[in-house]
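Sequential numbering from 12 applies to the sequence shown in our numbering. Notes follow the structure.
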Amino acid sequence: MFNKLKQIKDMRAKAKRMQAALKDENVEGQAAWGKVKVKMSGNQEVLEVIIDPEFLKNEDKKKLEDAVKEATNDAIKKVQRVMVTKMQKMGELKL
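Structure, rendered in structure tokens:
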């Protein structure tokens, strides 16, 4: 039982270290040839959505929605890559 409690405590400590390591990491996902961008923190919070005004002039609502979704998914994938790299450096993930 104490072994399980120790494992839980260790996992919490590792999660806190990972959150701290990712806190200052930011990535940018892009879509529509860079005309739609989503900036995201390492903790997967959307910080900013940037839409080029030219894109708004020429595209309809559906294309804008698709581009925002695509840029967000791109940012998430980039954050996940950063997480894997950080975990490898911290010795938490061995591939």
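We treat Cβ as the ideally placed atom computed from N, Cα and C, and that holds for glycine. Keep in mind it's a predicted model, so treat the numbers as computed, not measured.
Check: Q41 (DSSP reduced to helix, strand or coil); Outcome: strand
Check: Reference N76; option with closest CA among Q55, G53 and V49; Outcome: Residue 76 is actually Glu in this sequence, not Asn. Checked all of Q55, G53 and V49; the closest Cα to E76 is V49.
Check: Residues near K89 by beta carbon distance below 6 Å, same chain, minus five either side; Outcome: V38
Check: From K97, I62, L67 and V57, residue whose alpha carbon lies closest to that of I87; Outcome: V57
Check: Local conformation of E76 per DSSP, three classes; Outcome: helix
Check: Rounded separation between V79 and Q55 - CA only; Outcome: 15 Å
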